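Everything below concerns the one structure shown next.
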Amino acid sequence: MQTQSEPCLASLSQSGCATDTPKMKTILLLLAALFAPALSFARPPNVVVIFIDDMGYGDIGPFGATKQRTPHLDRMAKEGMKLTSFYAAPVCSVSRAQIMTGCYGARISVPGVYFPGQSSGLNQSEVTVAERLKEIGYATQMVGKWHLGDQPEFLPTRQGFDHYLGIPYSNDMLKKSAETKVPVVPLLRDEKVVELMDGEGQRRMVELYTREAVDFIGRNKEKPFFLYFAHNAVHTPIYPGAAFAGKSQNGRFGDWVEEVDWSVGQVLDTLRAQGLDRDTLVVFTSDNGPWLTKGTDGGSAGPLRGGKGSTWEGGVRVPTLAWWPGRIPAGAVNDAVAATIDLLPTFVSLAGGTVPATPVIDGRDIAPILFGQSKESAREAHYYFGNYDLRAVRQGRWKLALAPQPEGMGKTAVKTAPGLRLYDLDAEIGEQTDVAARHPEVVAKLKALADKMAAEIGGKTPAARRPAGEARDPKTLYPTVDYVPNDGKKAAAKKSSAKPVSLAQAKPGDAIVSAAAPQVGQRAFTVAVTVDTSQRDAVIVAQGGLIGHALHLKGGRVAFAVRHAADEVVEILSPAVVKGPFTVTASLAADGAMKLVVAGQEAVTGKAKGVLPRQPAEDFCVGHDNGKLVGTYAKVVALKGAVTGLAVTNP
Ligand SMILES: [Ca+2]
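Quick note: the sequence shown uses my numbering, first residue 968, plus one each step.
Right, dumping it as structure tokens:
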């Protein structure tokens, strides 16, 4: 292994050899002196990433939180650097793929969230940051939430980590154990399930993880190490440990933030106690913005607009701190645009390695930003993807939004003008004022950048996207029984199914006239159906026209639309692409609350104006829409496949 200083000095003297003048030598010496503090390490630095789940831009003290106390993060910021324009992705798995690979999720076919037992995951052929550091001689350990596939071939131990302890996906992805019938998540040690953890069991999670992280540091004093510490906290359901429950001024969410802060303190204190603080870079950040529809169980994006699931700033700009006493200037603040994709090249470069030109990565080395030598982004622009769609691009102070978008998961697209919108983030961080008309040259420049990136890795036919990993015969990590996330709702649905409208034999192509159709005017209703199709876009059911509701497939996900008028439609979208037979339950409550549960995935909620004002005049159509379009599909694609167990019930 080469030491860090050799290649750099070699490259400096190479460029100087051709002009071997005293003046040039002086310049070279000056240059060497200038860069020496950043480059000549006694040893490659240890690297620790502390990654929080669903923590918003406004959730910790250094970023303005006042309700919960975060003394350890406050100290970390005081001793290190606050990165105020640091970006993750809108949802969990994508952010994690970005850290691991240095690529936008769209480049490596990680567009959304993985679910337990899903066949796909991060492709094993991708070279992760753990693999890159391991080949340089690092000890590598992961603790916590992986979320890049739960099939054996996708686990952390197959992607460069010597060891792993954690829940391999989100803490709300509980499935009923076949044995105990209790909803649980699996705790893995390396590749083995060592515990099935129920909800209350999660109260031990932060402490358990922290102990593992601290032990790992203690065991690896002599050798450079990479610790990827990805908390499941502070994602719902919120389960603060016993020592923290009820202690904050911000409910159980604040309690859990305070516990995470304690955990950060444990890690930093251990580094200090072991005398490793001056040899260790610690980055603290979050995977996406706050989950706004969770109310007090969701965090805060502070001054930013939107939250998790959105490419408004609140969905993707995350509270980030970098700490390395003696290297990173204390108390520094840097607003240069940087992102999780930049961590891989930065860590590899600090470790004295190089990232080959192929396979292409999107991130760049941000060491000059961390060391206070640059206030400029290391990249020409930052690109905001929502799934595979490029939604916005930022360069410096300017952000060009390419399409209307929801403010978060379960929220509807904001009715902004459908054209290009330009925001001046330096002037107004909250993205309210569209200044596109005043800066046509900026719009044109950013649009050209966006078009280029979209052609490369965005949309349906990108030039340079690499494939996802696909596992054969996927199964869950432990035997489960089918589980619908909300037991209360399940029981209610069962009760009301005593008087279903008779649709059980309905099949694609059927249409039922209004009077004989399920009654959905001025009342709450629930549509339940099982669909088996390989289509990505198709109508499942559509009732009505200018007033009505519809279920349809949109890019492989299920959409539930409620329309009150021609231009008044609210649509919510299931979180992940579905395959094979899947169940759908969609309901509109008396107060307009919408809920969609697909294939046992996380429920998605939304808010329509209220119940439908009257029974829709148009037909109830199965697998097509024969009148005015009620859903948000541009044209009707008939469903090819099977629809079973269709029922529309009123509670
Ligand atoms: Ca998340």
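Glycine is no exception: its CB is placed at the ideal position from the N, C-alpha and C atoms.
Remember, it's a predicted structure, so these values are computed and weren't measured experimentally.
Alpha-carbon spacing of residue i relative to residue j, whole angstroms
i, j, result
"SER1463", "ILE1539", "At SER1463, the pLDDT of 33 sits below 50, so the modelled position is not reliable; the number obtained from the coordinates is stated separately. Answer to the nearest angstrom: the Cα atoms are 23 Å apart."
"HIS1114", "LEU1357", "22 Å"
"PHE1352", "VAL1283", "10 Å"
"GLN1372", "THR1278", "8 Å"
"GLY1590", "LYS1474", "7 Å"
"VAL1544", "ARG1524", "5 Å"
"GLU1225", "ALA1422", "43 Å"
"GLY1608", "GLY1104", "53 Å"
"LYS1034", "GLY1265", "14 Å"
"ALA1601", "GLY1363", "35 Å"
"ALA1056", "ASP1254", "7 Å"
"LYS1275", "SER1144", "29 Å"
"VAL1151", "ALA1318", "39 Å"
"GLY1339", "LEU1392", "22 Å"
"SER1341", "PRO1335", "5 Å"
"LYS992", "THR1313", "For LYS992, the predicted model reports a pLDDT of 42, less than 50, meaning its position is unreliable and no value from the coordinates is stated."
"PHE1196", "VAL1322", "23 Å"
"LYS1188", "HIS1519", "56 Å"
"GLN1085", "CYS1059", "15 Å"
"GLY1079", "SER1541", "11 Å"
"VAL1149", "ARG1170", "16 Å"
"ALA1533", "GLN1510", "14 Å"
"ASP1244", "SER1137", "31 Å"
"LYS1214", "GLY1025", "19 Å"
"ALA1553", "THR1572", "10 Å"
"ASP1157", "ASP1129", "8 Å"
"ASP1499", "CYS1588", "17 Å"
Whether residue i touches residue j by CB criterion (8 Å)
i, j, result
"ILE1066", "VAL1096", "yes"
"ASN1199", "LYS1112", "yes"
"LEU913", "GLU1280", "Residue 913 is absent from the structure shown; the chain starts at 968 and stops at 1618."
"GLN1126", "LEU1089", "yes"
"PRO1580", "GLN1489", "yes"
"ASN958", "PHE1192", "The requested residue 958 does not occur in the structure, where the chain is confined to residues 968 to 1618."
"PHE1183", "VAL1201", "no"
"ALA1570", "ALA1491", "no"
"ALA1268", "GLY1023", "yes"
"PHE1121", "GLY1436", "yes"
"LYS1045", "ALA1297", "yes"
"VAL1496", "VAL1537", "no"
"ARG1433", "SER1076", "yes"
"LEU1163", "GLY1133", "no"
"ALA1575", "VAL1508", "no"
"GLY1594", "VAL1506", "no"
"ARG1388", "VAL1304", "no"
DSSP beta-bridge partners of residue i
i, result
"CYS1588", "ALA1478, ALA1509"
"ALA1359", "TYR1351, ALA1368"
"ARG1156", "LEU1132, LYS1159"
"GLN1108", "HIS1130, LEU1194"
"TRP1290", "VAL1249"
"VAL1551", "VAL1496, VAL1565"
"GLY1424", "Per the sequence shown, residue 1424 should be read as Ile rather than Gly. The partner list for ILE1424 (beta bridge, DSSP) is empty, contrary to what the question assumes."
"THR1616", "THR1493"
"HIS1114", "Paired residues: none, contrary to the question."
"LYS1521", "ARG1524"
"ARG1010", "Note: ARG1010 sits in no beta bridge, so no partner."
"LYS1049", "LEU1288, VAL1300"
"LEU1579", "GLY1488"
"THR1611", "THR1497"
Boundaries of the beta strand (DSSP E) in which residue i is found, first to last residue
i, result
"SER1144", "1142-1144"
"HIS1039", "Careful: HIS1039 lies outside any beta strand (DSSP E), inside the alpha helix (DSSP H) at 1038-1046."
"ILE1539", "1535-1540"
"THR1572", "1571-1574"
"ARG1388", "1388-1391"
"ARG1272", "Element bounds for ARG1272: n/a, residue is neither H nor E."
"ALA1299", "1299-1301"
First and last residue of the uninterrupted alpha helix (DSSP H) at residue i
i, result
"TYR1176", "1172-1186"
"PHE1030", "Segment: none, PHE1030 is in no alpha helix (DSSP H) and carries neither H nor E."
"LEU1100", "1096-1103"
"ILE1336", "1334-1337"
"PHE1314", "1310-1317"
"PHE1220", "1218-1240"
"VAL1283", "1280-1283"
"THR1068", "1059-1068"
Residue-chain proximity (residue i, chain B), Cβ-Cβ < 8 Å
i, result
"VAL1304", "Protein chain content of the structure displayed is limited to a single chain, and chain B is not contained in it."
Handout entry: Around ligand 2, Cβ to any heavy atom closer than 5 Å, ordered along the chain
Key = As presented, the structure is devoid of ligand 2, carrying ligand 1 as its sole ligands.
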